[in-house]
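First comes the structure, then the notes that go with it.
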Amino acid sequence: MRLGPALAACVLLAGCHPPAPPPRPAPPPPIGPAAGNSVPALSLRDSKGAPFLTSGFVGRKAQLLVFGTTACPMCQGKMSDIQAVHEKRGGQVEVAAVLLSETPEKADKFAADFNATFRMVLDPQNITIALFKLGHYPHFVLVDRRGVIRYSGPELPADAMVDEAAR
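End of the sequence shown = 531 in this note's numbering, gap-free, step of one.
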(Lines of atoms letter the chains of each structure in order from A and count residues from 1; the text may use other names and numbers.)
(Lines give C-alpha, C1' and ligand atoms only; values in the text may rest on other atoms or scores of the structure.)
Protein backbone atom coordinates (compact mmCIF):
# COMPACT_ATOMS: atom_id res chain seq x y z
CA MET A 1 0.00 0.00 0.00
CA ARG A 2 1.34 3.34 -1.01
CA LEU A 3 0.82 6.48 0.98
CA GLY A 4 0.16 9.74 -0.74
CA PRO A 5 2.81 12.44 -0.33
CA ALA A 6 0.74 14.45 2.17
CA LEU A 7 0.00 11.38 4.31
CA ALA A 8 3.64 10.28 4.16
CA ALA A 9 4.72 13.71 5.37
CA CYS A 10 2.23 13.52 8.25
CA VAL A 11 3.50 10.08 9.28
CA LEU A 12 7.11 11.23 9.09
CA LEU A 13 6.43 14.39 11.07
CA ALA A 14 4.23 12.77 13.70
CA GLY A 15 6.12 12.80 16.94
CA CYS A 16 8.73 15.21 15.64
CA HIS A 17 9.39 18.34 17.56
CA PRO A 18 10.80 21.62 16.44
CA PRO A 19 14.53 21.79 16.82
CA ALA A 20 15.70 22.77 20.27
CA PRO A 21 16.94 26.33 20.56
CA PRO A 22 20.70 26.64 20.86
CA PRO A 23 21.91 26.61 24.45
CA ARG A 24 22.24 30.01 26.04
CA PRO A 25 25.76 31.03 26.90
CA ALA A 26 26.53 31.11 30.59
CA PRO A 27 26.33 34.59 32.08
CA PRO A 28 29.71 36.16 32.72
CA PRO A 29 30.99 35.78 36.26
CA PRO A 30 30.27 38.77 38.49
CA ILE A 31 33.01 41.36 38.65
CA GLY A 32 33.46 42.61 42.18
CA PRO A 33 31.28 42.12 45.20
CA ALA A 34 27.67 43.17 44.74
CA ALA A 35 26.43 46.47 46.08
CA GLY A 36 24.33 45.90 49.18
CA ASN A 37 26.56 43.13 50.55
CA SER A 38 28.79 43.53 53.57
CA VAL A 39 32.43 44.21 52.80
CA PRO A 40 34.46 40.98 52.99
CA ALA A 41 36.72 40.73 56.01
CA LEU A 42 40.19 41.73 54.94
CA SER A 43 43.25 41.65 57.15
CA LEU A 44 46.46 42.86 55.49
CA ARG A 45 49.37 45.18 56.27
CA ASP A 46 50.23 48.47 54.66
CA SER A 47 53.66 49.32 53.25
CA LYS A 48 54.76 50.63 56.66
CA GLY A 49 53.80 47.35 58.39
CA ALA A 50 50.67 48.69 60.10
CA PRO A 51 47.60 46.41 60.13
CA PHE A 52 44.78 47.15 57.71
CA LEU A 53 41.40 45.63 58.59
CA THR A 54 38.26 46.46 56.63
CA SER A 55 36.27 45.77 59.79
CA GLY A 56 38.31 48.40 61.65
CA PHE A 57 36.53 51.24 59.87
CA VAL A 58 32.94 50.03 60.26
CA GLY A 59 30.99 52.58 62.27
CA ARG A 60 33.75 55.18 61.93
CA LYS A 61 34.57 55.88 58.28
CA ALA A 62 33.57 54.97 54.78
CA GLN A 63 36.24 53.20 52.73
CA LEU A 64 37.40 53.58 49.16
CA LEU A 65 39.48 50.53 48.24
CA VAL A 66 41.39 50.70 44.97
CA PHE A 67 42.76 47.35 43.76
CA GLY A 68 45.62 47.23 41.27
CA THR A 69 49.36 47.00 40.75
CA THR A 70 52.18 49.52 40.50
CA ALA A 71 52.86 48.47 36.88
CA CYS A 72 49.26 48.99 35.69
CA PRO A 73 49.06 52.05 33.37
CA MET A 74 45.32 52.42 34.04
CA CYS A 75 46.00 52.44 37.80
CA GLN A 76 48.73 55.02 37.35
CA GLY A 77 46.35 57.18 35.33
CA LYS A 78 43.82 57.28 38.19
CA MET A 79 46.27 58.22 40.95
CA SER A 80 45.65 61.99 40.85
CA ASP A 81 41.87 61.45 40.98
CA ILE A 82 42.23 59.06 43.92
CA GLN A 83 44.51 61.54 45.69
CA ALA A 84 41.88 64.26 45.17
CA VAL A 85 39.26 62.08 46.92
CA HIS A 86 41.71 61.51 49.78
CA GLU A 87 42.47 65.23 50.12
CA LYS A 88 38.81 66.25 49.98
CA ARG A 89 37.35 63.53 52.20
CA GLY A 90 40.24 61.98 54.11
CA GLY A 91 38.56 62.67 57.43
CA GLN A 92 35.42 60.80 56.42
CA VAL A 93 36.69 58.23 53.91
CA GLU A 94 39.63 55.86 54.38
CA VAL A 95 41.29 55.70 50.96
CA ALA A 96 43.59 52.73 50.41
CA ALA A 97 45.32 51.31 47.36
CA VAL A 98 45.39 47.52 47.73
CA LEU A 99 48.41 46.46 45.70
CA LEU A 100 48.70 42.91 44.44
CA SER A 101 52.05 41.08 44.49
CA GLU A 102 54.00 44.17 45.54
CA THR A 103 56.78 44.74 48.06
CA PRO A 104 56.79 47.59 50.59
CA GLU A 105 59.62 49.26 48.67
CA LYS A 106 57.74 49.19 45.35
CA ALA A 107 54.56 50.43 47.04
CA ASP A 108 56.36 53.36 48.71
CA LYS A 109 58.12 54.29 45.45
CA PHE A 110 54.77 54.15 43.64
CA ALA A 111 53.21 56.46 46.25
CA ALA A 112 56.16 58.87 46.00
CA ASP A 113 56.13 58.87 42.18
CA PHE A 114 52.47 59.95 42.18
CA ASN A 115 52.53 62.15 45.32
CA ALA A 116 49.99 59.85 46.93
CA THR A 117 49.46 60.37 50.65
CA PHE A 118 46.83 57.66 51.13
CA ARG A 119 47.70 54.18 52.37
CA MET A 120 49.41 51.57 50.22
CA VAL A 121 48.11 48.20 51.44
CA LEU A 122 49.98 45.07 50.39
CA ASP A 123 48.37 41.84 49.22
CA PRO A 124 51.42 39.63 48.55
CA GLN A 125 49.37 36.42 48.23
CA ASN A 126 46.68 38.06 46.02
CA ILE A 127 43.87 36.91 48.31
CA THR A 128 41.73 39.88 47.33
CA ILE A 129 41.38 38.62 43.75
CA ALA A 130 38.99 35.87 44.87
CA LEU A 131 37.63 37.68 47.92
CA PHE A 132 36.55 40.73 45.91
CA LYS A 133 36.04 38.94 42.54
CA LEU A 134 38.45 41.25 40.80
CA GLY A 135 38.54 41.37 37.02
CA HIS A 136 40.38 44.31 35.49
CA TYR A 137 42.47 46.94 37.24
CA PRO A 138 41.96 49.36 38.71
CA HIS A 139 38.91 48.09 40.54
CA PHE A 140 37.14 50.40 43.00
CA VAL A 141 35.05 49.32 45.97
CA LEU A 142 33.19 51.98 47.97
CA VAL A 143 32.05 50.88 51.42
CA ASP A 144 29.77 53.01 53.58
CA ARG A 145 30.25 53.68 57.30
CA ARG A 146 28.10 50.66 58.19
CA GLY A 147 30.35 48.31 56.21
CA VAL A 148 27.95 47.90 53.27
CA ILE A 149 29.30 47.99 49.73
CA ARG A 150 27.77 50.89 47.81
CA TYR A 151 29.76 50.53 44.58
CA SER A 152 32.08 48.00 42.97
CA GLY A 153 33.45 48.54 39.49
CA PRO A 154 36.12 49.82 37.12
CA GLU A 155 35.49 53.56 37.55
CA LEU A 156 36.09 55.90 40.45
CA PRO A 157 32.69 56.44 42.12
CA ALA A 158 31.06 59.83 41.60
CA ASP A 159 31.47 62.53 44.27
CA ALA A 160 27.80 62.29 45.29
CA MET A 161 28.15 58.55 45.83
CA VAL A 162 31.26 59.02 47.97
CA ASP A 163 29.52 61.74 50.00
CA GLU A 164 26.51 59.47 50.56
CA ALA A 165 28.72 56.60 51.73
CA ALA A 166 30.47 58.90 54.20
CA ARG A 167 27.19 59.92 55.91
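Virtual Cβ for every residue (Gly too), placed ideally from N, Cα, C.
So F416 is in the alpha helix (DSSP H); what residue range does that whole segment cover?
No alpha helix (DSSP H) holds F416; the beta strand (DSSP E) holding it covers 415-417.
Would you kindly work out how many angstroms separate the C-alpha atoms of V422 and A414, rounded to a whole number?
18 Å
As a quick exercise: from G499, T433, N401, pick the residue whose alpha carbon is nearest that of D472.
T433
Take P521 and list the residues in its own chain whose beta-carbon comes closer than 7 Å to its own, dropping the five residues that flank it on each side.
F504, L506, Y515
Going by alpha carbons, who is nearest to I513 out of K412, T418, R409, T467?
T418
Would you check if the distance between the CB atom of L486 and the CB atom of R409 is smaller than 8 Å?
yes
Could you give the first and the last residue of the continuous beta strand (DSSP E) run that contains V449?
No beta strand (DSSP E) contains V449, which is instead part of the alpha helix (DSSP H) from 437-453.
Helix, strand or coil, according to DSSP, for F421 in the structure here?
If DSSP states are grouped into helix, strand and coil, F421 belongs with the helices.
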